[in-house]
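> Here it is, the structure in full.
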Amino acid sequence: MTIEDLVKLIIAITSGGLLVKILDWVRDARQGHLQKRRAEVDAAIAERDKARVERDVAIARVGWLERWVRILEEALALARRRFIDAPCTDPDELDPYPSRPDRDTS
14 MTIEDLVKLI IAITSGGLLV KILDWVRDAR QGHLQKRRAE VDAAIAERDK ARVERDVAIA
74 RVGWLERWVR ILEEALALAR RRFIDAPCTD PDELDPYPSR PDRDTS
């Protein structure tokens, strides 16, 4: 087999594959497959964006609740300190300070 025959064989094989791909693309375009695929991709992107928005809202809500819990804990600590410092109360009369819940357990 000469080099010219080898080049002709390679061109024939690759051009046949290219021709098949082009015909597939034209057939899909005429039957509306490309628009259907695009619609599926657009729907998947919209679903992803919706999930991202829901996630961001949930993260913001949790962040706000954590901040609010911290503010309440600080206010409780200040009120407890005032009770302890008041002359009419005895620190032994106060209930024990509640332990902070573990964040890993729900």
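For the sequence shown, my numbering assigns the number 14 to the initial residue and increments by one for each residue that follows. C-beta: ideal position from N, C-alpha, C; glycine also.
Would you give the residue range spanned by the alpha helix (DSSP H) that threonine 102 belongs to?
Mapped onto the sequence shown, residue 102 falls at position 89. Looking at the DSSP string, threonine 102 is not in any alpha helix (DSSP H), and its letter there is neither H nor E.
> At the level of alpha carbons, what is the spacing between threonine 27 and histidine 46?
Translated into the one-based positions of the sequence shown, residue 27 becomes position 14. Translated into the one-based positions of the sequence shown, residue 46 becomes position 33. The alpha-carbon separation between threonine 27 and histidine 46 amounts to approximately 25 Å.
> In the structure shown, what three-state DSSP assignment does threonine 27 receive?
Here residue 27 corresponds to residue number 14 of the sequence shown, with the count starting at 1. In the structure shown, threonine 27 sits in a helix (DSSP, three-state: H, G or I).
> Since arginine 93 and leucine 107 are thought to touch, with beta carbons under 8 Å apart, how far apart are those beta carbons, to the nearest angstrom?
For the purposes of this step, residue 93 is taken as residue 80 along the sequence shown, with counting starting at 1. For the purposes of this step, residue 107 is taken as residue 94 along the sequence shown, with counting starting at 1. Their Cβ separation, rounded to whole angstroms, is 7 Å, which keeps arginine 93 and leucine 107 in contact under 8 Å.
> Keeping to the same chain, check which residues put their C-beta closer than 8 Å to that of arginine 61; ignore five residues upstream and five downstream.
Counting from one through the sequence shown, the residue named residue 61 turns up at place 48. Cβ within range, chain order: n/a, list empty.
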